[in-house]
Amino acid sequence: PTVAFKISSYYPNSGNAGTLVTVEGEGFGTAIDKYSATVSGKAVEVISATANTLVMRMPAGGVTGSLSLKYNEQSFEVGQYTYQELSVKTVFPANGPAGSQIRITGEGFSSITSPAIVLINGKPALVVSVSDNIIVAEVPADAGFGPITVKVNGKESTGQNFIYQAVSSIKPLTGGKNTKVTINGVGFENLVAGNSVDFNGKSATVVEASDSRLVVLAPDGVSTGPLSVTINGQKITGPVFNVVGAPSIDVVTPLSGPSGSDMTISGALFSTVLDENQVYINNVLVPIQSATAGQLKLVIPGGTGTGIIRVIVNDQAVQGPQFRDQTLGITSVSPDNGLTGTTVTIKGSGFSATASNNKVYFNNVLATITTATENTLTLDAPAGLTTGELKVVVGSEEALAPQEFRRAGVMTLAGGPNST
Numbered sequence: 100p101t102v103a104f105k106i107s108s109y110y111p112n113s114g115n116a117g118t119l120v121t122v123e124g125e126g127f128g129t130a131i132d133k134y135s136a137t138v139s140g141k142a143v144e145v146i147s148a149t150a151n152t153l154v155m156r157m158p159a160g161g162v163t164g165s166l167s168l169k170y171n172e173q174s175f176e177v178g179q180y181t182y183q184e185l186s187v188k189t190v191f192p193a194n195g196p197a198g199s200q201i202r203i204t205g206e207g208f209s210s211i212t213s214p215a216i217v218l219i220n221g222k223p224a225l226v227v228s229v230s231d232n233i234i235v236a237e238v239p240a241d242a243g244f245g246p247i248t249v250k251v252n253g254k255e256s257t258g259q260n261f262i263y264q265a266v267s268s269i270k271p272l273t274g275g276k277n278t279k280v281t282i283n284g285v286g287f288e289n290l291v292a293g294n295s296v297d298f299n300g301k302s303a304t305v306v307e308a309s310d311s312r313l314v315v316l317a318p319d320g321v322s323t324g325p326l327s328v329t330i331n332g333q334k335i336t337g338p339v340f341n342v343v344g345a346p347s348i349d350v351v352t353p354l355s356g357p358s359g360s361d362m363t364i365s366g367a368l369f370s371t372v373l374d375e376n377q378v379y380i381n382n383v384l385v386p387i388q389s390a391t392a393g394q395l396k397l398v399i400p401g402g403t404g405t406g407i408i409r410v411i412v413n414d415q416a417v418q419g420p421q422f423r424d425q426t427l428g429i430t431s432v433s434p435d436n437g438l439t440g441t442t443v444t445i446k447g448s449g450f451s452a453t454a455s456n457n458k459v460y461f462n463n464v465l466a467t468i469t470t471a472t473e474n475t476l477t478l479d480a481p482a483g484l485t486t487g488e489l490k491v492v493v494g495s496e497e498a499l500a501p502q503e504f505r506r507a508g509v510m511t512l513a514g515g516p517n518s519t
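Written as structure tokens, this is what we have:
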């Protein structure tokens, strides 16, 4: 589709004969012979044209007044132009963070009566040095997007727009190689290639870009240190990105169970920020209810099928044990160690209230159940007990305890091995 002719800005808005005025916008034609321009009715020469920029040379003998433009016989108002000595011609760089310095070139900057004043988007900038043709100024905090204005002896001249740049936040603040990091701020380039992002000096890949948001992938060899964004040679330093290892899973409780059951995943290097953790059961994403650095809690949704549990923290993944989507499940074994004859209580779901319908194995050794309900089994650890998995079988379903049952404890008054 054809882009409509639109003028967004022009600069400078003052100067003398021969001053070059730049008009910025969109939808401009590139054929110079289709343009005409006037200032207070006097002809202005259009010397170059691109789709987004026109350059005009102001005429001798002109007077202060309205600068107008015609293209294909359509008229457009550019703005007011003032003939005077004071003129802002260039600003470099035209982007940067607070505290960075810009160099303003033009005419009429020096004064013996009062110092030059520089404004960026209406905010006063510290003038570091000034001569008749050059001003060096420091960008104020939160300058925003807007024109550079110089005031001298009651006169003023407006130059091009300045783009203030800052990083306000990054998320997440921790991770490792290939962690996807969102950078929020102002003054970014809309084109991916216009933004250079480093993690503690290591170049990263930018995958998305807008003027207020960048999405990048932490690079190979990333180390703890500040994140920075460089645009048009101007570097903006953001918060520190802390490198942490991949998460680990120690225990999952339960390893099987019905929809609506609570699940706890215990381990290390989880994020305390809830949405920075993801849990998948058999590749089905399961909502997390709460998160600490060492524990994730969720509710089994049902319908996941049987499959591997996987935890991803800030794009770093770890694979855990298999989960069985079924009625039968073990939530706790108390105690989780003992010797032959130790009374053991198993809590969970899907047990039979008829003791003989349940089978409990200690490392493949069958135990005798003394009492049974649908949620609790009580039994004595069997003879021949060794350290290994504890398993409950009811009908065609079987469930594993979250952890092995350990053979451990005092054997005889005379002594002997304390554990195996």
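Position 350, counted from 1, in the sequence shown is what this note's numbering calls 449; the numbers after and before it change by one each time, with no gaps. Just so it is clear, CB atoms sit at the ideal spot from N, CA and C, and this is done for glycine as well. None of these values were measured; they are calculated from a predicted model.
Check	Outcome
Cross-strand partners of N194 (DSSP beta bridge)	I262
Candidates P271, Y379 and S199, of which the one nearest A265 by Cα	S199
8 Å contact criterion, which E206 and D231 should meet: CB distance rounded	7 Å
Spatial distance of G114 from M157 (CA atoms)	8 Å
Cutoff 8 Å; reference N294; Cβ partners in own chain excluding five residues on either side	F287, E288, V305, A308, L313, V328, T329 and I330
For K479, the residue or residues it bridges with in DSSP	Note that residue 479 is Asp in the sequence shown here, rather than Lys. Answer by DSSP bridge pairing, in chain order: T442 and T467.
Helix, strand or coil at V291 according to DSSP, with G and I counted as helix	helix
Which of helix, strand or coil DSSP assigns to D361	strand
Assigned secondary structure, S431 (DSSP; H/G/I helix, E/B strand, else coil)	strand
Whether T477 touches T444 by CB criterion (8 Å)	yes
Alpha-carbon to alpha-carbon, G332 and A116	33 Å
Rounded straight-line distance, which links the Cα of V315 to that of Q415	15 Å
Exposure label - L512; buried when at least 16 CB within 10 Å	In this prediction, L512 has a pLDDT of 46, which is less than 50 and means its spatial position is unreliable; what the coordinates show is noted afterwards. L512 should be labelled exposed.
Buried or exposed by the 16-neighbour rule on C-beta atoms within 10 Å, applied to E488	exposed
Residues that A367 bridges to, as DSSP identifies them	S347
Meets three-Cβ-pair contact criterion under 8 Å: the region 433–440 and the region 451–461	no
Inter-residue CB distance, V187 and S209 (contact presumed, cutoff 8 Å)	14 Å between Cβ atoms; not a contact.
Three-state secondary structure (DSSP) of N341	strand
Delimiting residues of the beta strand (DSSP E) encompassing L168	G164 to Y170
Close beta carbons around R202, own chain, < 7 Å, minus the five adjacent residues each side	F191, I233 and V235
One or two residues paired with E123 in a DSSP bridge	S108 and T152
Beta-carbon proximity list for V251, same chain, < 7 Å, skipping 5 on both sides	L185, G207, F208, S210 and A215
Residue nearest to G356 in terms of C-alpha spacing, selected from A390, G404, P346 and G366	G404
Close-in-space but distant-in-sequence residues of the same chain around F450 (CB under 8 Å, 5 per side omitted)	L427, N457, A471, T472, E473, N474, T475, L476, V491 and V493
Euclidean distance between Cα positions of K270 and E123	35 Å
Residue closest to Q173, alpha-carbon to alpha-carbon, out of P400, L499, A480 and G128	G128
Pick from A317, L119, T281 and V145 that is closest to T204, judged by C-alpha positions	L119
Rounded Cβ spacing between I219 and F175 (contact assumed at less than 8 Å)	Their Cβ separation, rounded to whole angstroms, is 27 Å, which puts I219 and F175 out of contact at 8 Å.
Proximity below 8 Å, CB of L354 to CB of A498	yes
Within 8 Å, strictly: CB atoms of Q425 and E496	yes
Residue closest to G221, alpha-carbon to alpha-carbon, out of T189, N382, S213 and G258	G258
Neighbourhood of L373 by C-beta distance below 8 Å, restricted to the same chain and skipping five residues each side	I387, S389 and A390
Beta-carbon proximity list for A303, same chain, < 7 Å, skipping 5 on both sides	V296, D297, V315, L316, A317 and P318
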